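Only one structure is covered here, and it is reproduced in the block below.
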Amino acid sequence: MNNESKSVIERKDFQALFDALSAEGYKISGPTVRDNAVIYDEIGSAEELPIGWTDHQEGGSYRLTKSKKKTLFGFILGPYTWKKLLYPPEKKIWEAQKSDRSFEIVEAESKPIKQAFVGVRPCELKAIGIQDKILRDGQHSDPEYGALRRNLFIVAVNCTNPGNNCFCVSMNSGPGVSDGFDLALTEMFNGKDHYFVIEAGSRAGKKILEKIPHRPAKPEELEQAEKAVERAASKMGRSLDMKGLKEILHNNFDSHYWGEIAKRCLTCGNCTMVCPTCFCCNIEDTTNLGGDRAERRRYWDTCYSVDFSYIHGGSIRSTDYSRYRQWLMHKIAYWQDQFGTPGCVGCGRCITWCPVGIDITEEAGAIREKA
Amino acid sequence: MSPIKKPKLAVWKFASCDGCQLSLLDCEDELLAIADAVHIANFPEASRAVAKGPYDISLVEGSITTPHDAERIHKIRRSSKFLITIGACATSGGIQALRNFKDVNDFISIVYANPEYIETLNKSTPIADHVFVDFELRGCPINKYQLVEVLNAYLNGRKPNIPQYSVCVECKRKGNVCVMVATGAPCLGPVTQAGCGAICPTYQRGCFGCFGPKETPNTSSLADWYKNLKLSEDDIMRYFRSFNAFAEPFRKESEAHE
């Protein structure tokens, strides 16, 4: 996208984005404050955004604080990921009814609703792209995911204020978006002026933009917006040196250091639950008491459970260290072998939401150092 | 199904509060279906009518605390084809296992006017310490849906879907914000077995560990982290010493902070 196509929306006109999306029949989800965090939920207006809220993150710690700035997207990232709305944590797949000598399968209803996500960070956009490869375009695609994805409108928001646990620059997934969005915003606030530099990335995006009061962006506004994103790139709290890391990990499969991490790892599975690319699920079959009706359900699963790798005779990864190793190696090494891209986008959620603050960048770095 | 072919179900009580067996009566929506699928042969909380054993399924609530009970559980085992223990008392010794950390005689002399009438064991122990148990259902109290699931699985000859991973997995699936990370509240969720539906974190409280230790619990790492949250050694000891105080991983961790 070149600069000529970029426009400006004033803060006072921001509600028009919501109105335009609603008029097109989109169910809008976006960031909002609940239970001491910024989460993603259905919202109807710009007033429900986390106005003036920001968050401070460390390993195993997240604190929401009120800032003097009345920004709409002044926070970093919360615990939710968009996968919750494209690949729900729990879902009925089908049920079966017993008849005389056979049984009849009734597929679960799935309505491909039109959704709009407002406030998708560049790292999250990259994560959606990674899940697309697997859940939409992959060998074992999920039809519901594909349908929801086709009907999805994405309003991305560039990052100008990364946090302590962010390392999207290392993963080449931020802090600015390049493609894959319908609309992309950069929020600008200097105490006096409050506006959004906006560009459309699709025909649907252009159509929505036409319905929102906007004007061509001035050169200095564009320059300031670009600089804000550039500055964000230099403010990353963490970094992960990816150079040759895949090979280093493969070569250090038997490193004693995995055992050192396991002394701290709780194998609780939180990192997999908050990861925007983790897609592993478990399929559970249940019956009713009478045994004439059965149901198959899908749940988000975690590679940290012993049962996850259970095959006849026992669990393949019965030790704690082997389960942490599986997760880290999958994110950084195996994922590249399987899908041609790392499974990590540098959002830092696994660091923040690990109850004991285990840091993927630190641990992968330690393996590299000890190699 | 003819009544004769229905599996016979018995419910037994040891040292406990009755809460877990009452979960069976609390099954409201499923209760009629259960009564239809099994012959409730011995359940004093529900009916005075007692049918003789042997029983196909025995649900055992409570811990072993007296010499008499230590005998009785063997008789029950002998008359039961499939024995399921229900609740923290039966699976770990319960809250009354707090006595295990002291000399029981000291308690007896303080609590009872005539201690000479009290015949009790030194320790409150789980049923599995005494007899072979086919399945242990955790919780203080148990989750009624998990109870129905276990009975259902037995009746339909399948494996029950009772996960042994952490509370965190169901907490995150539910969409809760982690109370420990977001507020600094101590939470036992990462070392506790799922099954309650993450009730306490759903209401912004840390997990109390009612469902006991999860598979491979790393209690020492969590306890180390509690120190960052400014918990004293005494606080940490108490966190691990509650409803499942005598479950080995929790017991060892609490003893490390005595």
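From first to last, the protein sequence lines are chains A and B. Its first residue numbered 2, the first sequence is counted upward by one per residue in our numbering. Its first residue numbered 20, the second sequence is counted upward by one per residue in our numbering. Yeah, the Cβ is synthetic: ideal placement off N, Cα and C, and Gly gets one too. Model, not experiment: these values are computed from the prediction.
Original post:
For R260(B), does the count of other Cβ atoms within 10 angstroms reach 16, so buried, or fall short, so exposed?
Top reply: Indexing the second sequence from 1 puts residue 260(B) at position 241. So R260(B) ends up on the buried side.
Original post:
Hey, which unbroken runs of the alpha helix (DSSP H) at 4 residues or more fall wholly within the stretch 174 to 249 of chain B?
Top reply: 186 to 193, 198 to 202, 218 to 221 and 238 to 247
**OP:** Pull out every residue of the stretch 264 to 276 of chain A whose Cβ sits closer than 8 Å to any Cβ of chain B, in chain order.
**Re:** K264, R265, C266, L267, T268, C269, G270, N271, M274 and V275
**OP:** Select from E224(A), C345(A) and K332(A) the residue whose C-alpha is nearest the C-alpha of N173(A).
**Re:** The sequence position of residue 173(A) within the first sequence is 172, counting from 1. Answer by Cα proximity: C345(A).
**OP:** Starting from the N-terminal side, write out each stretch of the alpha helix (DSSP H) that is 4 residues or longer and does not extend beyond the stretch 82 to 157 of chain B.
**Re:** 86 to 97, 107 to 111 and 123 to 130
**OP:** List the DSSP bridge partners of L184(A).
**Re:** Mapped onto the first sequence, residue 184(A) falls at position 183. Answer is V156(A) and A201(A).
Original post:
By DSSP, does H195(A) sit in helix, in strand, or in coil?
Top reply: The count along the first sequence starts at 1 and reaches residue 195(A) at position 194. Of the three classes helix, strand and coil, the one that applies to H195(A) here is strand, per DSSP.
**OP:** Using alpha carbons as the reference points, say which of G31(A), R232(A) and H251(A) lies closest to Q337(A).
**Re:** Mapped onto the first sequence, residue 337(A) falls at position 336. Minimum Cα distance to Q337(A) is reached at H251(A).
Subject >> Beta-carbon gap between L102(B) and V152(B) smaller than 7 Å >> reply: Here residue 102(B) corresponds to residue number 83 of the second sequence, with the count starting at 1. Here residue 152(B) corresponds to residue number 133 of the second sequence, with the count starting at 1. In contact: L102(B) and V152(B) (Cβ atoms closer than 7 Å).
Original post:
Sorted by chain position, which residues of the same chain lie with C-beta nearer than 7 Å to V357(A)'s C-beta, five sequence neighbours on each side aside?
Top reply: In the first sequence, counting from the first residue as 1, residue 357(A) sits at position 356. Counting only Cβ-Cβ distances below 7 Å, and skipping sequence neighbours, we find G61, R265 and L267.
Original post:
Listing by chain order, which chain E residues have their CB less than 8 Å from the CB of K85(A)?
Top reply: Annotation note: the requested chain E is absent from the structure, which comprises protein chains A and B.
Original post:
Which parts of the stretch 70 to 108 of chain A are runs of the alpha helix (DSSP H), unbroken and 4 residues or longer, counting only runs that do not cross its ends?
Top reply: 84 to 87
**OP:** Tell me, please, whether the CB atom of W31(B) is closer than 7 Å to any CB atom in chain A?
**Re:** Position 12 of the second sequence, counted from the first residue, corresponds to residue 31(B). By this cut-off, W31(B) is not an interface position.
Original post:
Leaving out five residues before and five after S142(A) in sequence, what residues of the same chain have Cβ atoms less than 7 Å from its Cβ?
Top reply: Against the first sequence, residue 142(A) aligns to sequence position 141. The residues are L136.
Subject >> Three or more C-beta pairs below 8 Å linking the stretch 79 to 97 of chain B and the stretch 52 to 68 of chain B >> reply: no
Subject >> Helix, strand or coil at I29(A) according to DSSP, with G and I counted as helix >> reply: Locating residue 29(A) in the first sequence gives position 28, counting from the first residue. Residue state, collapsed to three classes: strand.
Original post:
Excluding five sequence neighbours on each side, which residues of the same chain lie with their C-beta closer than 6 Å to the C-beta of P134(B)?
Top reply: Numbered from 1 along the second sequence, position 115 holds the residue referred to as residue 134(B). The residues are I127 and S128.
Original post:
Do you know whose CA, among K100(B), G81(B), D122(B) and P86(B), lies nearest S111(B)'s CA?
Top reply: What you label residue 111(B) is simply residue 92 of the second sequence in a count that begins at 1. Ranking the options by Cα distance to S111(B), first place goes to G81(B).
Subject >> Beta-carbon contacts of T287(A) that lie in its chain and below 6 Å, excluding the five residues immediately before and after >> reply: Your numbering for residue 287(A) matches position 286 in the first sequence. Answer for T287(A): E296, listed in chain order.
**OP:** Rank C46(B), T104(B), T238(B) and A56(B) by C-alpha distance to the C-alpha of H149(B) and give the top, closest one.
**Re:** As a position in the second sequence, residue 149(B) is number 130, starting the count at 1. When each option's Cα is compared against that of H149(B), the closest is T104(B).
**OP:** Decide yes or no for the touch test of the stretch 200 to 210 of chain A against the stretch 219 to 234 of chain A: beta carbon pairs closer than 8 Å, at least 3 of them.
**Re:** no
Original post:
Where does the unbroken alpha helix (DSSP H) through F118(A) begin, and where does it stop?
Top reply: Position 117 of the first sequence holds residue 118(A). It is not in any alpha helix (DSSP H) - F118(A) instead sits in the beta strand (DSSP E) that spans Q116 to V121.
Original post:
Nearest to D56(A) by CA position, among K71(B), G176(B) and V200(B), is which residue?
Top reply: Reading the first sequence from its first residue, position 55 is the one you call residue 56(A). The shortest C-alpha separation from D56(A) is found at V200(B).
Original post:
If R12(A) sits next to H257(A), beta carbons under 8 Å apart, how far is it from one beta carbon to the other, in whole angstroms?
Top reply: Within the first sequence, numbered from 1, the residue matching residue 12(A) stands at position 11. Within the first sequence, numbered from 1, the residue matching residue 257(A) stands at position 256. Their Cβ separation, rounded to whole angstroms, is 55 Å, which puts R12(A) and H257(A) out of contact at 8 Å.
**OP:** Decide yes or no for the touch test of the stretch 354 to 368 of chain A against the stretch 32 to 45 of chain B: beta carbon pairs closer than 8 Å, at least 3 of them.
**Re:** no
Original post:
Where G79(A) and V39(A) are concerned, what is the direct C-alpha to C-alpha distance, given to the nearest angstrom?
Top reply: In the first sequence, counting from the first residue as 1, residue 79(A) sits at position 78. In the first sequence, counting from the first residue as 1, residue 39(A) sits at position 38. Those two C-alpha atoms are separated by around 5 Å.
Original post:
Could you check where the alpha helix (DSSP H) with N61(B) kicks off and where it finishes?
Top reply: For this step, residue 61(B) is matched to residue 42 along the second sequence. From DSSP, N61(B) is part of no alpha helix (DSSP H) but of the beta strand (DSSP E) over H58 to N61.
Original post:
Starting from E252(B) and walking both ways along the alpha helix (DSSP H), at which residues does that stretch end?
Top reply: Within the second sequence, residue 252(B) is the residue found at index 233, counting from 1. Element bounds for E252(B): E252 to F259.
**OP:** Ignore the nearest five residues each way along the sequence and tell me which others in S302(B)'s own chain have a CB closer than 6 Å to its CB.
**Re:** A query on residue 302(B) cannot be resolved here, the shown segment of chain B reaching from 20 to 277 and no further.
Original post:
Does S306(A) come within less than 7 Å of chain B when only Cβ atoms are used?
Top reply: Here residue 306(A) corresponds to residue number 305 of the first sequence, with the count starting at 1. With 7 Å as the cut-off, S306(A) counts as an interface residue toward chain B.
Original post:
From the DSSP output, which residues share a beta bridge with Q132(A)?
Top reply: To locate residue 132(A), count along the first sequence from 1; it is residue 131. BP columns for Q132(A) are empty, so no partner.
**OP:** Find the residues of chain A that neighbour I7(B), judging by a C-beta separation of less than 8 Å, and give them in chain order.
**Re:** A query on residue 7(B) cannot be resolved here, the shown segment of chain B reaching from 20 to 277 and no further.
Original post:
Is DSSP giving D55(B) helix, strand or coil here?
Top reply: The count along the second sequence starts at 1 and reaches residue 55(B) at position 36. DSSP places D55(B) in helix when its eight states are reduced to three.
Original post:
Closest Cβ-Cβ distance between S240(B) and chain A: below 7 Å?
Top reply: Taking the second sequence and counting its residues from 1, one reaches residue 240(B) at position 221. Answer yes: the Cβ-Cβ gap between S240(B) and chain A drops below 7 Å somewhere.
**OP:** Answer with yes or no whether the minimum CB distance from Q63(A) to chain B is below 7 Å.
**Re:** Here residue 63(A) corresponds to residue number 62 of the first sequence, with the count starting at 1. Gln is not the amino acid found at residue 63(A); the sequence shown has Tyr there. With its beta carbon less than 7 Å from one in chain B, Y63(A) belongs to the interface.
Subject >> Run of the beta strand (DSSP E) containing Y1(A), from where it starts to where it stops >> reply: The question about residue 1(A) has no answer here: the residues shown for chain A are numbered 2 through 372.
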